[in-house]
Amino acid sequence: MGSFKYLITVESDTPPQVMLGQSAFGGEIVGLEMEKIPTLVSVAWLVEKYGMAKTTIIKRLDGFNQGSDGKFLYDSKTAMAILSQNPKSKRGAKRVN
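See the structure below:
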């Protein structure tokens, strides 16, 4: 049958206490990867991480821009917290086709 690869993402200020070869969640840990998140992030970085349109990200983070008019820079923790939330459900009845 073969083996499958599962990816678990942990965001924390301190590194998680796991070791290579350790058994966890019914499987064996075979690799660890750390991603450095910058303090200020650009719209391009957020587009790559979340897969949203550039204009959508700019609109949702409109009040948090820390760059100039042409440069859209955002605090990484604030931007990730806002973009990770699910959008509110739309009001009104569903469209009938």
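So the sequence shown is numbered by this note's numbering: it starts at -6 and just counts up by one.
We treat Cβ as the ideally placed atom computed from N, Cα and C, and that holds for glycine.
These figures come from a predicted structure and were not determined experimentally.
Query                                                                                   : Result
Cβ distance (whole Å) where residue 67 is taken to contact residue 13 below 8 Å         : That pair is no contact at about 34 Å.
CB contact flag (residue 53, residue 75, <8 Å)                                          : yes
CA-to-CA distance, residue 41 to residue 57, given in whole angstroms                   : 19 Å
Nearest candidate by alpha-carbon position, reference residue 55, set 31, 72, 11 and 17 : 72
In DSSP terms, what residue 91 is bridged to                                            : The shown model of the chain, from -6 to 90, leaves out residue 91, and the question about it has no answer.
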